[in-house]
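**Student:**
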Amino acid sequence: MIRSCAACVVLLAIASAAAAQDRATRSTPAARLDAPRGAPLSGAVLDARTEEVGGLLRCPVCQGLSVADSPSTMARNMKAEVREKLAAGYDQEQILAHFERSYGEFVRLEPRMRGVNLVVWLDPLAALVGGGAVVTWLLRRPRSQPGPARAGELAAGSSMLPTRGTLPEEARLAAAVRRVRELAYGWPGGVPPDAPAGSP
Amino acid sequence: MMPAPASSASPARSPRVNAKVVVVGLVVVLPLLAVLLLILGRDPHSIRSPLIGRPAPPFSLAPVGGGGPISLDSLRGRPVVMNFWATWCVPCFEEHAALAAAARTFREVQFLGIVYEDDESRTQAFLAQRPSSYPSLMDAEGRTAIAYGVFGVPETYFIDGEGRIVDKYVGPLDRGTIAALLGKVKGGGR
Numbered sequence: 001m002i003r004s005c006a007a008c009v010v011l012l013a014i015a016s017a018a019a020a021q022d023r024a025t026r027s028t029p030a031a032r033l034d035a036p037r038g039a040p041l042s043g044a045v046l047d048a049r050t051e052e053v054g055g056l057l058r059c060p061v062c063q064g065l066s067v068a069d070s071p072s073t074m075a076r077n078m079k080a081e082v083r084e085k086l087a088a089g090y091d092q093e094q095i096l097a098h099f100e101r102s103y104g105e106f107v108r109l110e111p112r113m114r115g116v117n118l119v120v121w122l123d124p125l126a127a128l129v130g131g132g133a134v135v136t137w138l139l140r141r142p143r144s145q146p147g148p149a150r151a152g153e154l155a156a157g158s159s160m161l162p163t164r165g166t167l168p169e170e171a172r173l174a175a176a177v178r179r180v181r182e183l184a185y186g187w188p189g190g191v192p193p194d195a196p197a198g199s200p
Numbered sequence: 201m202m203p204a205p206a207s208s209a210s211p212a213r214s215p216r217v218n219a220k221v222v223v224v225g226l227v228v229v230l231p232l233l234a235v236l237l238l239i240l241g242r243d244p245h246s247i248r249s250p251l252i253g254r255p256a257p258p259f260s261l262a263p264v265g266g267g268g269p270i271s272l273d274s275l276r277g278r279p280v281v282m283n284f285w286a287t288w289c290v291p292c293f294e295e296h297a298a299l300a301a302a303a304r305t306f307r308e309v310q311f312l313g314i315v316y317e318d319d320e321s322r323t324q325a326f327l328a329q330r331p332s333s334y335p336s337l338m339d340a341e342g343r344t345a346i347a348y349g350v351f352g353v354p355e356t357y358f359i360d361g362e363g364r365i366v367d368k369y370v371g372p373l374d375r376g377t378i379a380a381l382l383g384k385v386k387g388g389g390r
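Here the protein sequences line up with chains A and B, keeping their order.
Under the working numbering, read the first sequence as residues 1 to 200, first letter to last.
Under the working numbering, read the second sequence as residues 201 to 390, first letter to last.
Now the structure itself:
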């Protein structure tokens, strides 16, 4: 319990520190589209890369669709720009940064692994590890056995169910239970063989 | 009657509320509630433009109906109001009169319409019926809209005389809002 609380506190601390760093990063001007960093693409490679990079860009006028998947005019225009930039030799990161300058990080379908975004990336992992730990703990903890104290509690408590060592208080029911035990288990008189001497 | 073993011991009743469950539940639920409270008041469609406070992306576009291209650089020194609009957009129709009137009132400000995903002939027909007091430019491939981070129309950008985006307004403008935003442009732009 203490460990899980501590883990949560650490996660929150990382998230807040990362958010501060994110704010600091955002306050600096985004890098301009400099000289192309990659090789100019053409033909089938250009087509494939256009789809790939378009798949990483969010269509601004759609609901959760990528530029590659959306049939909207805006997405088509953006895709054409992606294609043009790939053909000119701009690499994927340069192109994503170019659109990010206009639309903000919203335009990236996969948020960058930095700042508060780390929560989005790490939360599923944390949930998986946490869930696994809970399942492991549940499977490995000792099963609760109805020991003598529990049996006594049952007998004295609200439960009317008799245990191996007890009988209902009502004589008619007690006789019936003895009879059933005799028939079911073959205990003479319905008394368990390990019962202390003198038991009814 | 058989003796009930340990029946003399007072039965320890298990508590109805498990403290561990409560703590873990709070640890999970409270941050989610905090995030919800922080975000619920915000309009999910209003995303602050990263361009505000930054130099306006340059453009050079041909006006509707012909003529030489108009570039942002050629307007340097004057505040500019750039209104992205389309004839198919009902809110654009609603704000059209307010923008035309503001352009006549604030003569020191250059108003520009940028036609968004629309046809030039249809735009010409629209403007013939509802004359405008400022030029509208054709953004045929949508490059200017993309460069300005336009999500839809109408969206209006307020640019100061130094070519810096001071504010962005999403939705139909009225005269009061235009005057208030122009006050910001003229107050902080020079």
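Even glycine gets a Cβ: it sits at the ideal position worked out from N, Cα and C.
Bear in mind that the values here come from a model prediction, so they are computed numbers and not experimental data.
(1) Hey, how far is the Cα of B:Thr305 from the Cα of B:Arg375?
(2) For A:Tyr103, which three-state DSSP category applies?
(3) Rounded to the nearest angstrom, what separates A:Asp22 and B:Val223 at their Cα positions?
(4) For A:Met113, does the three-state DSSP call read helix, strand or coil?
(5) Alpha carbons only, please: which of A:Val177, A:Glu182, A:Arg181, A:Ala35 is nearest the one belonging to A:Gln207?
(6) So is A:Glu100 buried or exposed if we call it buried at 16+ other beta carbons inside 10 Å?
(7) Suppose you measure from the CA of B:Pro231 to the CA of A:Phe106; what does that come to, to the nearest Å?
(8) Against chain B, which members of the segment 58-71 of chain A pass a CB distance test of less than 9 Å?
(9) With a threshold of 7 Å between beta-carbons, can B:Phe293 be considered close to chain A, or not?
(10) A:Leu41 to B:Phe284, Cα distance in whole Å?
(11) Any idea what DSSP makes of B:Ile247, helix, strand or coil?
(12) Can you tell me whether A:Asp47 is helix, strand or coil according to DSSP?
(13) Mind pulling the chain A residues with CB within less than 8 Å of B:Ala347?
(14) Under a three-way DSSP split, which group does B:Gln324 fall into?
(15) Quick one: list the residues of chain A neighbouring B:Gly352, beta-carbon separation under 7 Å, in chain order.
(16) Could you check whether the segment 39-57 of chain A touches the segment 79-97 of chain A, counting it as contact only if at least three pairs of C-beta atoms, one from each stretch, sit closer than 8 Å?
(17) How would you write the range of the beta strand (DSSP E) that B:Glu355 sits in, first residue to last?
(18) Looking at the ligand FAD, does it come within less than 6 Å of B:Thr356, judged from the CB to the closest heavy atom?
(19) Which residue comes first and which comes last in the beta strand (DSSP E) that contains B:Leu337?
(20) Output yes if chain B places a C-beta closer than 7 Å to the C-beta of A:Asn117; else output no.
(21) Per the contact definition of three or more C-beta pairs closer than 8 Å, is the segment 276-292 of chain B in contact with the segment 261-268 of chain B?
(22) Would you verify that the beta carbon of A:Thr73 is, or is not, closer than 7 Å to some beta carbon of chain B?
(23) Let's see if you can read the secondary structure: which residues bound the alpha helix (DSSP H) around B:Phe351?
(24) Give the DSSP-derived three-state secondary structure of B:Phe293 in the structure shown.
(25) At the level of alpha carbons, what is the spacing between A:Ala195 and B:Asn218?
**Tutor:** Looking at the atomic coordinates:
(1) 10 Å
(2) helix
(3) Interpretation of A:Asp22 is limited by its pLDDT of 44, a score under 50 that renders its predicted location unreliable; no figure is taken from the coordinates.
(4) coil
(5) In the structure as shown, chain A starts at 1 and stops at 200, and residue 207 of chain A therefore has no counterpart that could be examined.
(6) buried
(7) 23 Å
(8) Pro60, Val61
(9) no
(10) 33 Å
(11) coil
(12) helix
(13) Ser102
(14) helix
(15) Val61
(16) yes
(17) 355-359
(18) The model depicted lacks the ligand FAD and carries no ligand whatsoever.
(19) 336-338
(20) no
(21) no
(22) yes
(23) B:Phe351 -> no alpha helix (DSSP H), and no H or E assigned at all.
(24) helix
(25) 37 Å
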